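Take the first sequence: its position 145, counting from 1, is numbered 569 in our numbering, and each next residue is one higher.
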Amino acid sequence: MAKALTTRAEDYSQWYNDLVIKGGLADYSAVRGCMVIKPYGYALWENMRDQLDKMFKETGHVNAYFPLFVPKSLFEAEEKNAEGFAKECAIVTHYRLKNDPDNKGKLIVDPDAKLEEELIIRPTSEAIIWNTYKGWIQSYRDLPLLINQWANVVRWEMRTRLFLRTAEFLWQEGHTAHATRQEAVDETLQMLDVYATFAEEYMAVPVIKGVKTPAERFAGAEDTYCIEALMQDGKALQAGTSHFLGQNFAKAFDVQFMNKENKLEYVWATSWGVSTRLIGALIMAHSDDEGLVMPPRIAPMQVVIVPIYKGEESKPVIDGKADEVISELKALGIRVKYDNSDNARPGWKFAEHELKGVPVRIAMGMRDIENNVVELARRDTKEKQSISLEGLAGYVKDLLEEIQVNIYNKALAFRTAHTSKADSWDEFVKLLDEKTGFISAHWDGSAETEEEIKEKTKATIRCIPLHNPQEDGACILTGKPSKQRVLFARAY
RNA sequence: CGGGAUGUAGCGUAGCCCGGUUAUCGCGCCUGGUUUGGGACCAGGAGGUCGCAAGUUCGAAUCUUGCCAUCCCGACCA
Numbered sequence: 425m426a427k428a429l430t431t432r433a434e435d436y437s438q439w440y441n442d443l444v445i446k447g448g449l450a451d452y453s454a455v456r457g458c459m460v461i462k463p464y465g466y467a468l469w470e471n472m473r474d475q476l477d478k479m480f481k482e483t484g485h486v487n488a489y490f491p492l493f494v495p496k497s498l499f500e501a502e503e504k505n506a507e508g509f510a511k512e513c514a515i516v517t518h519y520r521l522k523n524d525p526d527n528k529g530k531l532i533v534d535p536d537a538k539l540e541e542e543l544i545i546r547p548t549s550e551a552i553i554w555n556t557y558k559g560w561i562q563s564y565r566d567l568p569l570l571i572n573q574w575a576n577v578v579r580w581e582m583r584t585r586l587f588l589r590t591a592e593f594l595w596q597e598g599h600t601a602h603a604t605r606q607e608a609v610d611e612t613l614q615m616l617d618v619y620a621t622f623a624e625e626y627m628a629v630p631v632i633k634g635v636k637t638p639a640e641r642f643a644g645a646e647d648t649y650c651i652e653a654l655m656q657d658g659k660a661l662q663a664g665t666s667h668f669l670g671q672n673f674a675k676a677f678d679v680q681f682m683n684k685e686n687k688l689e690y691v692w693a694t695s696w697g698v699s700t701r702l703i704g705a706l707i708m709a710h711s712d713d714e715g716l717v718m719p720p721r722i723a724p725m726q727v728v729i730v731p732i733y734k735g736e737e738s739k740p741v742i743d744g745k746a747d748e749v750i751s752e753l754k755a756l757g758i759r760v761k762y763d764n765s766d767n768a769r770p771g772w773k774f775a776e777h778e779l780k781g782v783p784v785r786i787a788m789g790m791r792d793i794e795n796n797v798v799e800l801a802r803r804d805t806k807e808k809q810s811i812s813l814e815g816l817a818g819y820v821k822d823l824l825e826e827i828q829v830n831i832y833n834k835a836l837a838f839r840t841a842h843t844s845k846a847d848s849w850d851e852f853v854k855l856l857d858e859k860t861g862f863i864s865a866h867w868d869g870s871a872e873t874e875e876e877i878k879e880k881t882k883a884t885i886r887c888i889p890l891h892n893p894q895e896d897g898a899c900i901l902t903g904k905p906s907k908q909r910v911l912f913a914r915a916y
């Protein structure tokens, strides 16, 4: 029991930290508020990224790259956007160091190397991108412009948490320009669907699509759409956002195009992004007290094979059989690792791969080979069974799909069990404290009420779900009339 | 930036109140060997600016002051 994990019940935050660090995904770095993504965590991110990238390309987008630095004058061009991010920006003021004359071996900032204009390290790239788009768009023939960027951004957060909120994080940001409002709105909703599909079908995390209230809206957007996921501690996590930016950025950066009628018009814009925060969502949605649970479709390792040697003479026999199984699995496109390292015994390897969340484990010893079987264990249910070597690869392929579906259903059942309706303030508070999760309740639509509910309970309106049924009701706080329920939760 | 706590080996820790040989223990690490069906065992070994600085003292991990860092709770947030 060398690597005992903290359990969910003992300390949820510690459990999460243990999973990230001991599961080998990431670690704290020497830089305050930043993290190091370790190879296993990065492999997971690469799988997620590749799939998302494929989906972006299928919907007509291309990738490009824009500068890390945003001159302050560009940054401040769209006022609301600038104001929204101003409090969390890292700023470059100088471009040179020099030897400290008073302290040998130390460096100081060279006061002669002060920049005339400060550079903001991008907290998001709207400003630099729209400044660039201005030069790319003249005619309706240049539209739509559908570009995505894979990048890092910096937001100087007060408090950080691995994957969920770090000072620097990896993400993708799509920035599109369209000739009409409708086209831009359609794009915004299309990308929201892409995110929801990715979350549900690949990450096995059920999400609710919705629109944010004005108070929760992205700085500079006309509408912010989001996908909201529920974590096992009953808190919600915003897993992705898609913004309809209207003509705000076009006007701020003077991006106009000549339409078919030979008239100048401002373009319509969207932006949308998901980040490494998705990894945090994945961890908290599926993992258990034994460790991570990786959804097979994006798991860095889908299958691990552990040989169980008995005496030197068994090694070539087992290795030989394992080689056959590995080539069969690989032929079906399955990511498989043969863990024949000699520095850990089988029990240690079992526990280690459970901690890392590998969906399927195959154990092979002489006993199995004599009977033409292997021991197959699935991570999601912890079930073990003996399976014939005949047709094993096909069986594993089907099993991986079954596991994918099963962990999605498990997460969905959890969310269903933690989604309730509240029709009075008392009921609302009670549900929030005792049952936790999403609470569907009436709200009078005012920012003041939203704020007061937040102050009293720490619960925020996560979203107004799309295709929300309309029904008459009374606001849980003020009793004023309301036309629809909105989704409340405490959130990360 | 406000309130609270904590800094001892890669990790987790004892010692501190009440100053006194060579700083404790576990895990991990290295070497050799025996092992391998749920986190092996034996033998040997390496690893420390006790967060930093100053002070008190014959003597400081221990007491005092200052600084730094981290964590938790707020505010902020993908």
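Backbone N, C-alpha and C define an ideal beta-carbon position, used for all residues, glycine too. Treat the numbers as computed from the prediction; the structure is a model and nothing was measured.
Pull up the DSSP beta-bridge partners for I515, would you.
-> Taking the first residue of the first sequence as 1, we reach residue 515 at position 91. Answer is I544.
P720 burial status per 10 Å Cβ neighbour count (16 or more: buried) = The sequence position of residue 720 within the first sequence is 296, counting from 1. P720 comes out buried.
Can you say whether S437 is buried or exposed, counting buried as having 16 or more other CB atoms within 10 angstroms of its CB?
-> Taking the first sequence and counting its residues from 1, the one referred to as residue 437 is at position 13. So S437 counts as exposed.
Taking 7 Å as the cut-off, decide whether the C-beta atoms of N864 and K845 are in contact.
-> By 1-based counting over the first sequence, the position of residue 864 is 440. By 1-based counting over the first sequence, the position of residue 845 is 421. Asn is not the amino acid found at residue 864; the sequence shown has Ser there. Result yes, Cβ atoms of S864 and K845 sit closer than 7 Å.
DSSP beta-bridge partners for T805?
-> On the first sequence, residue 805 is found 381 positions in, with the first residue counted as 1. DSSP, once it has assigned bridges, lists no residue as partnering T805.
DSSP state of F677, grouped into three classes?
-> Residue mapping note: residue 677 aligns to position 253 of the first sequence, counting from 1. Reduced to three states, the DSSP call for F677 is coil.
Take H667 as the anchor and find which of K834, L890 and A608 has the nearest alpha-carbon.
-> Working through the first sequence from its first residue, we reach residue 667 at position 243. H667 has its Cα closest to that of A608, out of K834, L890 and A608.
Using a Cβ-Cβ cut-off of 8 Å (strictly less than) and excluding sequence neighbours within five positions of V635, which residues of its own chain qualify?
-> Position 211 of the first sequence, counting from 1, holds the residue named residue 635. Contacts found: D647, T648, Y649, C650, C887, I888 and L890.
Terminal residues of the alpha helix (DSSP H) in which I750 lies | Sequence index remark: in the first sequence, residue 750 carries index 326 (1-based). From DSSP, the alpha helix (DSSP H) with I750 extends over S738 to A755.
F622 and L476: beta carbons closer than 7 Å?
-> If you number the first sequence from 1, residue 622 lands on position 198. If you number the first sequence from 1, residue 476 lands on position 52. Yes. Within cutoff.
Does the beta-carbon of L669 have 16 or more other beta-carbons within 10 angstroms, so that it is buried, or is it exposed?
-> Along the first sequence, read from residue 1 onward, the residue named residue 669 stands at position 245. Buried is the call here.
Could you give the distance in angstroms between the alpha-carbon of D678 and the alpha-carbon of I552?
-> Your numbering for residue 678 matches position 254 in the first sequence. Your numbering for residue 552 matches position 128 in the first sequence. Looking at the two C-alpha atoms, the distance is approximately 13 Å.
Hey, would you say L468 sits closer than 7 Å to I707, going by beta carbons?
-> What you label residue 468 is simply residue 44 of the first sequence in a count that begins at 1. What you label residue 707 is simply residue 283 of the first sequence in a count that begins at 1. It is not a contact, given that the beta carbons lie outside the stated cut-off.
Take the Cβ of K633 as the centre, count every other Cβ of all protein chains shown within 10 Å, and call the residue buried at 16 or more, exposed below.
-> The residue given as residue 633 occupies position 209 in the first sequence. Counting Cβ neighbours within 10 Å, K633 comes out buried, since at least 16 surround it.
Beta-carbon proximity of P547 to R583, cut-off 7 Å = For this step, residue 547 is matched to residue 123 along the first sequence. For this step, residue 583 is matched to residue 159 along the first sequence. No, these two residues do not count as a Cβ contact at 7 Å.
Beta-carbon spacing of A787, V717 below 7 Å | Numbered from its first residue, the first sequence carries residue 787 at position 363. Numbered from its first residue, the first sequence carries residue 717 at position 293. Not a contact, by the Cβ cut-off of 7 Å.
Burial state of Q828 (16 or more Cβ within 10 Å) | Position 404 of the first sequence holds residue 828. When all chains shown are included, Q828 counts as buried.
Can you grab the Cα-Cα spacing for the pair M425 / I758, in whole Å?
-> For the purposes of this step, residue 425 is identified with residue 1 of the first sequence, where counting begins at 1. For the purposes of this step, residue 758 is identified with residue 334 of the first sequence, where counting begins at 1. In this prediction, M425 has a pLDDT of 35, which is less than 50 and means its spatial position is unreliable; what the coordinates show is noted afterwards. Roughly 31 Å between the two C-alpha positions.
Taking just the CA atoms, how far does A643 sit from S453?
-> Along the first sequence, one-based indexing puts residue 453 at 29. Along the first sequence, one-based indexing puts residue 643 at 219. Going from the Cα of S453 to the Cα of A643 covers about 30 Å.
Return helix, strand or coil for D442, following the three-state DSSP convention.
-> Counting from one through the first sequence, the residue named residue 442 turns up at place 18. If DSSP states are grouped into helix, strand and coil, D442 belongs with the helices.
Taking all protein chains shown into account, decide if N523 is buried (16 or more other Cβ within 10 angstroms of its Cβ) or exposed.
-> Taking the first sequence and counting its residues from 1, the one referred to as residue 523 is at position 99. Counting Cβ neighbours within 10 Å, N523 comes out exposed, since fewer than 16 surround it.
Could you tell me if T556 is buried or exposed, where buried requires 16 or more neighbouring beta carbons within 10 angstroms of its beta carbon?
-> One-based indexing of the first sequence puts residue 556 at position 132. Buried, by the Cβ-count rule.
Determine, using beta carbons only, whether K538 and H518 come nearer to each other than 7 Å.
-> To locate residue 538, count along the first sequence from 1; it is residue 114. To locate residue 518, count along the first sequence from 1; it is residue 94. Contact flag set, yes.
According to DSSP, residues forming a beta bridge with G457 = Along the first sequence, read from residue 1 onward, the residue named residue 457 stands at position 33. Per DSSP, none; premise fails for G457.
Outcome for A768 when other beta-carbon atoms lying within 10 angstroms are tallied against a minimum of 16 = As a first step, residue 768 is located in the first sequence; it is residue number 344 there, counting from the start. Classification of A768: exposed, given that the 10 Å Cβ count is below 16.
Quick one: grab the DSSP three-state call for Y733.
-> For the purposes of this step, residue 733 is taken as the residue at position 309 of the first sequence. In the structure shown, Y733 sits in coil (DSSP, three-state: anything other than H, G, I, E or B).
Could you pull out every residue in the same chain whose Cβ sits closer than 7 Å to the Cβ of A433, ignoring the five residues on either side in sequence?
-> Translated into positions along the first sequence, residue 433 becomes position 9. Once the five neighbours on either side are set aside, A433 has no close Cβ partner at all.
Run through DSSP, which three-state label would I758 get?
-> Residue mapping note: residue 758 aligns to position 334 of the first sequence, counting from 1. It is coil, neither helix nor strand.
When the Cα atoms are used, what is the spatial distance from D526 to I445?
-> Here the question's residue 526 lines up with position 102 in the first sequence. Here the question's residue 445 lines up with position 21 in the first sequence. So the two alpha carbons sit approximately 41 Å from each other.
For S844, name the three-state secondary structure that DSSP assigns.
-> Locating residue 844 in the first sequence gives position 420, where the first residue counts as 1. If DSSP states are grouped into helix, strand and coil, S844 belongs with the strands.
Contacting residues, own chain, Cβ-Cβ under 6 Å from S711 (five flanking each side not counted) | As a position in the first sequence, residue 711 is number 287, starting the count at 1. Only L443 and V717 meet the Cβ criterion.
Could you please give the first and the last residue of the uninterrupted beta strand (DSSP E) stretch that includes A506?
-> Here the question's residue 506 lines up with position 82 in the first sequence. Careful: A506 lies outside any beta strand (DSSP E), inside the alpha helix (DSSP H) at E503 to F509.
Exposed or buried, what is A590 when buried is set at 16 or more other beta-carbons lying within 10 Å of its beta-carbon?
-> Along the first sequence, read from residue 1 onward, the residue named residue 590 stands at position 166. The question names Ala, but residue 590 is Thr in the sequence shown. Burial call: buried.
Compare the C-alpha of L588 against each of G704, P535 and K734 and name the closest.
-> Numbered from its first residue, the first sequence carries residue 588 at position 164. Nearest C-alpha to L588: G704.
For K880, which three-state DSSP category applies?
-> Within the first sequence, the letter at position 456 stands for residue 880. If DSSP states are grouped into helix, strand and coil, K880 belongs with the helices.
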